[in-house]
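Colleague:
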Amino acid sequence: MKKYTTPLIDELEKGPWPSFVTEMKKAAKTNEMANDAVGHLEKCYSTKVGYWKHGGIVGVLGYGGGVIGRYSELGEEFPGVAHFHTVRINQPSAFFYTSKALREICDIWDKYGSGLTNVHGSTGDLVLLGTKTDALETIFAEYSSRGWDLGGSGSALRTPSCCVGPARCEWANYDTLDLCYSLTQEFQDELHRPMFAYKFKFKMSGCACDCVASIARADMSIIGTWKGDILVDQKEVANYASKGMDINAEIVNMCPTHCMNYDGKELKINNAECSRCMHCITRMTKALKPSGERGATICIGAKAPIVVGSLLSWVVVPFIKVEPPYTEVKDLIRKIWEWWDDNAKPRERIGEVIEMKGMRSFLEAIEVAPMPQQIREPRKDPFMFYTEEDMVAFKAKEAEEKKTGKYKF
Amino acid sequence: MKKYTTPLIDELEKGPWPSFVTEMKKAAKTNEMANDAVGHLEKCYSTKVGYWKHGGIVGVLGYGGGVIGRYSELGEEFPGVAHFHTVRINQPSAFFYTSKALREICDIWDKYGSGLTNVHGSTGDLVLLGTKTDALETIFAEYSSRGWDLGGSGSALRTPSCCVGPARCEWANYDTLDLCYSLTQEFQDELHRPMFAYKFKFKMSGCACDCVASIARADMSIIGTWKGDILVDQKEVANYASKGMDINAEIVNMCPTHCMNYDGKELKINNAECSRCMHCITRMTKALKPSGERGATICIGAKAPIVVGSLLSWVVVPFIKVEPPYTEVKDLIRKIWEWWDDNAKPRERIGEVIEMKGMRSFLEAIEVAPMPQQIREPRKDPFMFYTEEDMVAFKAKEAEEKKTGKYKF
Amino acid sequence: MAIPQRKTDIGPPKYDQFLPPVIKKNYGKWKYHEVINHGTMVHVGESGDKLWTVRVASPRILATATIREHCDIAEKYCDGFFRYTTRNNVEFLVSDESKLEPLKKDLTARGFKMGGIGAAITNVVHTQGWVHCHSACTDASGLVKAMMDELMPYFESKDLPNKVRLAVACCVNMCGAVHCSDIAVVAVHTKVPTVAHENFKNMCELPTVIGSCPTRAISPDPANKSVKINAEKCMYCGNCFTVCPPISIKDPERDGVAIVVGGKVNSLRSNPKFSKLVIPYISNEPPRWPKAVAAIKHIVEVYAANARKHERIGEWIERIGWERFFSLTGIDFTFQSIDDFTFMRDTMRTSSTFKW
Amino acid sequence: MAIPQRKTDIGPPKYDQFLPPVIKKNYGKWKYHEVINHGTMVHVGESGDKLWTVRVASPRILATATIREHCDIAEKYCDGFFRYTTRNNVEFLVSDESKLEPLKKDLTARGFKMGGIGAAITNVVHTQGWVHCHSACTDASGLVKAMMDELMPYFESKDLPNKVRLAVACCVNMCGAVHCSDIAVVAVHTKVPTVAHENFKNMCELPTVIGSCPTRAISPDPANKSVKINAEKCMYCGNCFTVCPPISIKDPERDGVAIVVGGKVNSLRSNPKFSKLVIPYISNEPPRWPKAVAAIKHIVEVYAANARKHERIGEWIERIGWERFFSLTGIDFTFQSIDDFTFMRDTMRTSSTFKW
Ligand code: SRM
Ligand code: SRM
Ligand code: SRM
Ligand code: SRM
Ligand code: SF4
Ligand code: SF4
Ligand code: SF4
Ligand code: SF4
Ligand code: SF4
Ligand code: SF4
Ligand code: SF4
Ligand code: SF4
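Chains as they are written, first to last, in my numbering: chain Z, 1 to 409; chain B, 1001 to 1409; chain A, 2001 to 2356; chain E, 3001 to 3356.
1) I'd like the list of long-range same chain contacts for Gly-1165 (chain B), defined as Cβ closer than 7 Å, with 5 residues on each side in sequence excluded.
2) Going by alpha carbons, who is nearest to Lys-1235 (chain B) out of B:Ile-1105, B:Asn-1035, B:Lys-1286?
3) Taking the alpha carbon of Ala-3002 (chain E) as the point to measure from, which residue in Z:Thr-138, Z:Pro-7, Z:Met-391 has its own alpha carbon closest?
4) Answer with yes or no whether the minimum CB distance from Glu-1250 (chain B) to chain A is below 9 Å.
5) For the candidate residues A:Ala-2063, A:Asp-2096, A:Thr-2138, whose alpha-carbon lies nearest to that of Arg-1103 (chain B)?
6) Quick check on His-258 (chain Z): buried or exposed, where buried means 16 or more other Cβ atoms within 10 Å of its Cβ?
7) Whose CA, out of A:Arg-2288, A:Cys-2071, A:Met-2148, A:Pro-2021, lies closest to the CA of Val-2257 (chain A)?
8) Can you confirm whether the stretch 3270-3286 of chain E touches the stretch 3197-3211 of chain E when touching is taken to mean that 3 or more C-beta pairs between the two stretches lie within less than 8 Å?
9) With 9 Å as the threshold, decide whether the Cβ of Phe-1140 (chain B) is near any Cβ in chain A.
10) Round the Cβ separation of Ala-3187 (chain E) and Val-3124 (chain E) to the nearest angstrom and send it over; I've been treating them as touching at under 8 Å.
11) Is it the case that the stretch 152-167 of chain Z contacts the stretch 3109-3123 of chain E, given that we only count it when at least three CB pairs across the two stretches are under 8 Å?
12) Which class does Leu-267 (chain Z) belong to by DSSP, given the choice of helix, strand or coil?
13) Verify whether the separation of the beta carbon atoms of Gln-3198 (chain E) and Ala-3217 (chain E) is less than 9 Å.
14) Measure from the alpha carbon of Pro-2222 (chain A) to the alpha carbon of each residue in A:Lys-2201, A:Gly-2238, A:Asp-2332, A:Phe-2326, then state which is nearest.
15) List the residues of chain Z whose Cβ lies closer than 7 Å to the Cβ of Gly-3011 (chain E), in chain order.
16) Evaluate Ser-1242 (chain B) with the Cβ neighbour count: other Cβ atoms within 10 Å of its Cβ, from every protein chain shown; 16 or more gives buried, anything less gives exposed.
17) With 9 Å as the C-beta to C-beta threshold (strictly closer), list the residues of the stretch 2309-2337 of chain A near chain Z in chain order.
18) Just the C-alpha distance for Gly-1244 (chain B) and Ala-3184 (chain E), rounded to the nearest angstrom, thanks.
19) With a CB to CB cut of under 8 Å and the five nearest residues on each side skipped, what residues in its chain are close to Ile-230 (chain Z)?
20) Going along the chain, which residues put their C-beta within less than 5 Å of some heavy atom in ligand 9?
21) Note down, one range per segment and in chain order, each beta strand (DSSP E) of at least 3 residues found wholly within the stretch 47-130 of chain Z.
22) State yes or no: is the beta carbon of Val-353 (chain Z) nearer than 9 Å to at least one beta carbon in chain A?
23) Could you run through the stretch 1216-1231 of chain B and flag, in chain order, every residue whose CB is less than 7 Å away from some CB of chain E?
24) Taking 8 Å as the cut-off, does the CB of Trp-1340 (chain B) come closer than this to any heavy atom belonging to ligand 2?
25) So, is the C-beta of Trp-1052 (chain B) closer than 9 Å to a C-beta in chain A?
26) Between B:Asp-1342, B:Gly-1405, B:Arg-1168, B:Glu-1348, which lies nearest to Ile-2023 (chain A) when the distance is taken from Cα to Cα?
27) Tell me which residue opens and which closes the beta strand (DSSP E) that Met-220 (chain Z) is part of.
28) How would you list, in chain order, the residues of chain E whose beta-carbon sits under 8 Å from the beta-carbon of Ser-2181 (chain A)?
29) Taking only runs that begin and end inside the stretch 196-258 of chain Z, name each unbroken alpha helix (DSSP H) of 4 or more residues, in chain order.
30) Does the structure place the stretch 2331-2338 of chain A close enough to the stretch 369-386 of chain Z that three or more beta carbon pairs sit under 8 Å?
31) Whole angstroms are fine: how far does the CA of Ile-1298 (chain B) sit from the CA of Lys-1321 (chain B)?
32) With DSSP as the reference, label Arg-379 (chain Z) as helix, strand or coil.
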């Protein structure tokens, strides 16, 4: 094995935060590919440019995704990274593992790959970092025979991901782990065989804390919420106060809807005006908890800034029940994809298509009524579309009003 | 004179608010044109459509504007409105008149026009409503010989307008009446001879109350403001309190910057954090008043929604001195127009051009530095332009930092 | 009578000749003012001088006879000095207190209405309508008259949480302050324009017409040497009609009015705001537009009952949320209220927090 | 060894087999939790059961050897159960209180760092960088390491007003949460791409390349059977480079990083927010990017000194105003911070109210 001197990246072995360079070197001790990856990286640091080529199309039989092809321009200098493809393994819901399962994953990877991983990728996959084209089929056979499948890539459903939710959090409004698993299973075909105009991501958070950043990073963000009052345990409120919490400053005055009141004794909430933002609940988890019906808000459209600026997901379905077998959610997803399919140009994310075609076209296709909950504020300009049916409806309403003598506006 | 039966518009003579129909009929008693205008309007009310044609180009010699040509499709049925042009008389600053002056205006108008007016038009002109083409030169001679000139129309500077300001308001930060007069005089040529890509409007308000709606309705909004503390007369504060004002609810808690404090005795203002919104001052005018340097904020670009939505004016010069002979303001205006001239396509308001070309191009042309006061928040996407000079400057700064060992960010 | 010698580029008369002596003396040196009632306020100078203002409603369309009546009154009580406001009311300026009550009595006797000062509804900024504009799809003055007849108590005497600024525009050009008003009416077309093909090539320029359409609904129609309009894409802005007379967009049964709310101009407390669409369509109902008037009155009343003191309509709505505005007013939420144009991105909700 | 039989479309293993018994028992029935310190929290079930979580920093790039070490530890203290977080930390799940302190001791002994829970700085969401991506104009992992070395106290022990979420993206594709982070670094190109004309026609499609440019800077270059790029219009997004390999945009001396601040994801108190640009350019300085790191630390410190408890960076800035953020931090305000793209309208100030 070549021995690289790496004065620049060695600098990144210093300091308290765990060092990825140390990790790379650890793998490099026994792995040629990892060893060349170290040398290759030092080269980048010294010249301040990268040497990876545009990805090539590589993969496993019958799948259109799951592997990111990667080749170096410096394949001769660093043969271990001439090919350096990543394999995306679909992680289990909420990233729970047993040591047994992970050891198995490591064993296979040491055998066929670089011994380097990303635990996890930004989308959520367990990313195996660097292998050669001819190892891919074997790697897939090894993993899949043990119950692990590939994640998504390309113009496909991407690996869904969720927050830790009911497994270890008191605030989950639905079972994020189970929904994540169920949707991943339901849409295996869409995940493995790119047939969409572009990528599509699901992320599921159990509440407005959004610990999986769904509103910013998923085409479909499924965020838990409730319909009902926040129950207040006044004894626990008193406890927080006695432990030094300034309830007015920290809670009441920070409530965005100003629907709380605390007189030093009793904490009152005008629940009708609460927007369920979670601030008070997170800060007084022993004293406050939601009650009533549980479900989720469905938001659509987030994406990164390329090329006209990032999008955050938009509220589309203010409230939906999320209970096994999740038929309502799955039906909705199918309708969403159908409309997207009918309307997208290549490389158009769903948010971009909604922006192009208008929210109305989308809502009508997925059979959701217009609701003020979907918007932050109404339109400002007077340039509106009206269908013939709209006009008929307006006129009918006016006729009705004439009859009853009462306006309905 | 024809006698029209006007059952529909007669309905609008009922009720307490003064009736424009009554006004039209008043004029119609002695004026053929006004009489036909009444009949013509009744016709519109009965058919629910208007009958005015697209305007034609009419005017007075040497001027490109000041008259709006108007012809009816129903000229045969209503000969008095076959021609029905309006004449825009440039109003005096802040709409002050003497009865003598207005009587003179009325006398001339009764002689040559319909006897109907708009006091005033939305831009600010004293609008004379309805006359014939061949009367225009005479009308102009009669008015101009008595000291009245025409206002703007077409792709020209439009008649500037201002709030009542120092004439009858304690809050004016500069002399709105004098600036309005001075700019109107200075730019007579731009007002009378359309040479711009489109219309351009000035409006001047003495403070953030913006009583002439400049921020919403002027390409250049000149809004008075100050640099200095708000002086507090605690005795008057106590007076307001004793008269029943809930100072915390009405003032302190409504202060947008939360820079006020009232303990039931003393009202304190953290002036460094005040944004000079005027709320507290207007509600406690006897107790609070600004002090220090006076001037204005210049905002650019407001317009109506045609065709991609309305614009409000954008802050361009956070603070400018506004003192006779207003050289600084006038120079700025010339620079603004020059850039607009260089960059606008026909029918592009300045706000639209700034949107197209970017604020930087505009600010550089008018020699104003970028300042955070110009924006509500910085850009969100990472797609930035850098000039070669920018890069040189960034690198020079870094070199300097290396030398001094201190970052300047 | 010979026509006098014309002058050009003289500009307006200098304002100072129209200022009453008390203003000249106290110019820029006013100390404070007090609102006495919706019709009267007094300004006090540092000098101690006082100036009473009596504000009088105006229909804005004035016959010269009425202007002369204003002059008569001003001469009697104000040494001939008076002014109009930026919202087209008349203001009589009284420096001699003893003339104040007589003035008011006289005004009442003559049928003039005083009001609009303070936390009130004042005159409605509006436009030409059928009275003078070719572009109008309703009559602005008529709507204003009908509205203000209903809202008169708020002009004359009844208090509101804060000023409520109303406006009416007779087409989407919006020659007024509709786009930043507490409540406003904007008249809208709702039918795809038709093209008189036979006149097209003589009266219009093909590229101009095609370029005029913000939604690219217009394409060449070579067979007719004219253009055709894609109905799916047309949002009835009328811009094509403005640039090309053979294009016609008016339709008596389909033209109507929309109601927008929540705008403001000043920067007190919160930034200036655009008005937002809440009722997309009400049929054009001259002479008194009963439904539009009822809708406006209803919104004013819900605001009056729910807002905090000093909150403008838009501020109140932003505090409670638009979803609450719709539920409190009972106004139907329609697809038209969802922005599908310039500001779509910034107006959709990007958070699971809202009220049921 | 024979290769086993492959299976397709089986999806991931079902999560429940990886849940420790205490979680299975209390699944969906947790009552509350308490943060003990930045490294440890405890969740308490309705049943009274307790589950301690010890969070450990991870560089995200892990050698299998390190994963095996995680496994060793989990076996010793957690019956082999553990998890990773959505921000790539490791979490050891302890149901037996007696194992908690030994676990922590062992972790310390092995050099693992505990932290990131509560009002802290936790792991940095980041991307591939020079380690694996062709698009990278910096190295993400290196930047993260350099940043976190400096910010370690905020991970391990020091409190902040609220969580501060950091991110790094190695190009404007922003494969992470840069666009909604409290503070983030995004690597940017600053030089107009060059085109290797000779390869163009074999490797790229003309309309695709032209269409890829959001600012229409690219036009055909028929002489070279290629395209040319208008330098005036190019904003270095790299989209053309993504779709066409002969286009090259990397430049060692001009590539750099920008700093954005004030984003957030959750909806507590205020809506999710995008991050905004405050420092447009810092030279790429591997291996430790000293200026970028110093800038981030400086912003964290100014925030820590000025924000109210529970305020995220974006919330704090919105309360004090962006002009005050710039004056408090002393950061130069540049033209680059003024939006000239999609959101220009909504980001300019439309009011005369601001702070000096
Ligand atoms: C590996 C990963 C970054 C990481 O280090 O974690 C990644 C890596 C790449 N992303 Fe990404 N993206 C990754 C998560 C994301 C995310 C975050 C997320 O999913 O939560 C985003 C932002 C959210 C979004 O989807 O918009 C993201 C937005 C992009 C984009 C911009 C897409 C857009 O519509 O704006 C591109 C560009 C593209 O698709 O051509 C992109 C393209 C790429 C490519 C395929 C670039 C390329 O053409 O080679 C990168 C391959 C790198 C490599 O060599 O391994 N990646 N990418 C993440 C996937 C790992 C996983 O499967 O778990
Ligand atoms: C008379 C007046 C309305 C009124 O009743 O008061 C008016 C009347 C017309 N306006 Fe206006 N505008 C009038 C103030 C405004 C304002 C308000 C202002 O100036 O404060 C605006 C909104 C602010 C702005 O400038 O954007 C305004 C925005 C427009 C527009 C849209 C311009 C735009 O850039 O969006 C048009 C359309 C056009 O220019 O083709 C327009 C066009 C017109 C035309 C010329 C339409 C036409 O092509 O015939 C109208 C002539 C009506 C007529 O027959 O008399 N008018 N127009 C106002 C001028 C009176 C005066 O001189 O005092
Ligand atoms: C006379 C007039 C100026 C003029 O040059 O003609 C004027 C005069 C005064 N305004 Fe105004 N404003 C006048 C139009 C405006 C406008 C413009 C408009 O409506 O188109 C605005 C902006 C409206 C908006 O924000 O949408 C305006 C927003 C204010 C405000 C801010 C109100 C608020 O809290 O939102 C104040 C402060 C106040 O009410 O104490 C104010 C205060 C005042 C004061 C008290 C100033 C003073 O000390 O003299 C004057 C009497 C107030 C009153 O009427 O209640 N004036 N005022 C205008 C009267 C129009 C009318 O006939 O009713
Ligand atoms: C473990 C993890 C979920 C997972 O499935 O892996 C998680 C776990 C918890 N989050 Fe979270 N959050 C996790 C990522 C997030 C994210 C996503 C992100 O950062 O990309 C967010 C949104 C960030 C944002 O808004 O920009 C997030 C915003 C919150 C908040 C809201 C904080 C705020 O006030 O702004 C809370 C509430 C709180 O802190 O009390 C919260 C609260 C919690 C609680 C207290 C929930 C509970 O009762 O168990 C958990 C421990 C909190 C802690 O770490 O302080 N979690 N949390 C993630 C830990 C990442 C890490 O390694 O540090
Ligand atoms: S998103 Fe809500 S439910 Fe999910 S882990 Fe975070 S706090 Fe818990
Ligand atoms: S959840 Fe949010 S909105 Fe509701 S009461 Fe608590 S802090 Fe207020
Ligand atoms: S804008 Fe200000 S200075 Fe002018 S009249 Fe209104 S309150 Fe007075
Ligand atoms: S002027 Fe406005 S910001 Fe300043 S103290 Fe008064 S209310 Fe507050
Ligand atoms: S709003 Fe339209 S119809 Fe009314 S005056 Fe202006 S241009 Fe004419
Ligand atoms: S009315 Fe407007 S949208 Fe419709 S065709 Fe004409 S220009 Fe286009
Ligand atoms: S941010 Fe850019 S460079 Fe980094 S991994 Fe994503 S696509 Fe590659
Ligand atoms: S880098 Fe972006 S802006 Fe520049 S030419 Fe390429 S696609 Fe266009």
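Glycine included, every Cβ here is placed at the ideal spot set by N, Cα and C.
Modeller: Checking against the coordinates, here is how it stands:
1) Within the second sequence, the letter at position 165 stands for residue 1165 (chain B). Correct list, in chain order: Ala-1094, Ala-1172, Asp-1175, Thr-1176, Leu-1177, Gly-1206.
2) Walking along the second sequence from the start, residue 1235 (chain B) turns up at place 235. Of the listed residues, the one whose Cα sits closest to Lys-1235 (chain B) is B:Lys-1286.
3) In the fourth sequence, the residue the question calls residue 3002 (chain E) occupies position 2. Ranking Z:Thr-138, Z:Pro-7, Z:Met-391 by Cα distance to Ala-3002 (chain E) puts Z:Thr-138 first.
4) As a first step, residue 1250 (chain B) must be located in the second sequence, where it is residue number 250. Closer than 9 Å: yes.
5) Position 103 of the second sequence, counted from the start, is the residue given in the question as residue 1103 (chain B). The option with the nearest alpha carbon to Arg-1103 (chain B) is A:Ala-2063.
6) As a working note, residue 258 (chain Z) is residue 258 in the first sequence. With fewer than 16 other Cβ atoms within 10 Å, it is exposed.
7) Within the third sequence, the letter at position 257 stands for residue 2257 (chain A). When only C-alpha atoms are compared, the closest one is A:Arg-2288.
8) no
9) As a working note, residue 1140 (chain B) is residue 140 in the second sequence. True, the Cβ-Cβ gap to chain A drops below 9 Å.
10) As a position in the fourth sequence, residue 3187 (chain E) is number 187, starting the count at 1. As a position in the fourth sequence, residue 3124 (chain E) is number 124, starting the count at 1. Not quite, the Cβ-Cβ distance comes to about 14 Å (not below 8 Å), so this is no contact.
11) no
12) Translated into positions along the first sequence, residue 267 (chain Z) becomes position 267. In the structure shown, Leu-267 (chain Z) sits in a strand (DSSP, three-state: E or B).
13) Position 198 of the fourth sequence holds residue 3198 (chain E). Position 217 of the fourth sequence holds residue 3217 (chain E). Note that residue 3198 (chain E) is Glu in the sequence shown, not Gln. Not a contact, by the Cβ cut-off of 9 Å.
14) In the third sequence, residue 2222 (chain A) corresponds to position 222, counting from 1. The shortest C-alpha separation from Pro-2222 (chain A) is found at A:Lys-2201.
15) Numbered from 1 along the fourth sequence, position 11 holds the residue referred to as residue 3011 (chain E). Near Gly-3011 (chain E) (Cβ distances below 7 Å), the residues of chain Z are Asn-90, Asp-149, Thr-184, Gln-185, Gln-188.
16) As a position in the second sequence, residue 1242 (chain B) is number 242, starting the count at 1. Classification of Ser-1242 (chain B): exposed, given that the 10 Å Cβ count is below 16.
17) Ile-2317, Glu-2318, Arg-2319, Ile-2320, Gly-2321, Trp-2322, Glu-2323, Arg-2324, Phe-2325, Phe-2326, Ser-2327, Thr-2329, Gly-2330, Ile-2331, Asp-2332, Phe-2333, Thr-2334, Phe-2335, Gln-2336, Ser-2337
18) The count along the second sequence starts at 1 and reaches residue 1244 (chain B) at position 244. The count along the fourth sequence starts at 1 and reaches residue 3184 (chain E) at position 184. Cα to Cα, Gly-1244 (chain B) sits roughly 50 Å from Ala-3184 (chain E).
19) Against the first sequence, residue 230 (chain Z) aligns to sequence position 230. Answer for Ile-230 (chain Z): Ile-269, Asn-271, Cys-274, Cys-280, Ile-281, Leu-288, Lys-289, Pro-290, Ser-291, listed in chain order.
20) A:Thr-2127, A:Gln-2128, A:Cys-2133, A:Ser-2135, A:Ala-2136, A:Ala-2169, A:Cys-2170, A:Cys-2171, A:Asn-2173, A:Cys-2175
21) 85-89, 96-98, 116-119
22) Position 353 of the first sequence, counting from 1, holds the residue named residue 353 (chain Z). For Val-353 (chain Z), the answer is no, since every Cβ of chain A falls outside 9 Å of its Cβ.
23) Ile-1223, Thr-1225, Lys-1227
24) In the second sequence, the residue the question calls residue 1340 (chain B) occupies position 340. Flag unset: Cβ of Trp-1340 (chain B) not near ligand 2.
25) Looking up residue 1052 (chain B) in the second sequence gives position 52. Cβ-Cβ to chain A under 9 Å: yes for Trp-1052 (chain B).
26) The residue you call residue 2023 (chain A) lines up with position 23 of the third sequence. Per the Cα distances, B:Arg-1168.
27) For this step, residue 220 (chain Z) is matched to residue 220 along the first sequence. 220-227 is the span of the beta strand (DSSP E), which, as asked, contains Met-220 (chain Z).
28) Position 181 of the third sequence holds residue 2181 (chain A). The contacting residues do not exist; Ser-2181 (chain A) stays about 16 Å from chain E at best.
29) 214-217, 234-242, 247-250
30) yes
31) Indexing the second sequence from 1 puts residue 1321 (chain B) at position 321. Indexing the second sequence from 1 puts residue 1298 (chain B) at position 298. C-alpha separation (whole angstroms): 10 Å.
32) Counting from 1 along the first sequence, the entry for residue 379 (chain Z) is found at position 379. Coil, per DSSP.
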